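In our numbering, the protein residues as written are 599 to 683. Just below is one structure, and these are the notes that go with it.
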């Protein structure tokens with residue numbers, strides 16, 4: 599999904615008094631998720647950036663039904679990236 603033109607979700611959450619953590623690199627995931635889980639005073643937003651071409655699991659490929667959800671990457675190489683059109 600192309601997020602160009604979308605708002606800064608962390609600033610948007612902050613406007614409603616909701617704290618946030620912004621994960622920009624895979625190396626930050628563990629630390630930032632621990633920080634978010636430690637917050638006990640209400641909701642918190644986790645904004646996790648993903649590379650557009652990465653497959654994130656679980657996922658439902660484009661045009662597939664819910665029961666076709668992929669829980670993990672396929673064992674064989676795909677003809678084209680999962681979920682591409």
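All C-beta atoms, glycine included, are put in the ideal place defined by N, C-alpha and C. As the structure is a computational prediction, the values presented were derived from the model and not from experiment.
The C-beta of residue 630 has 16 or more other C-beta atoms within 10 Å across all chains shown, which makes the residue buried. Given a length threshold of 4 residues, each whole run of the alpha helix (DSSP H) inside the stretch 609-653 is given here in chain order: 627-636. Separation of the CB atoms of residue 621 and residue 647 is rounded to 7 Å, and the pair is thereby assigned contact status at 8 Å.
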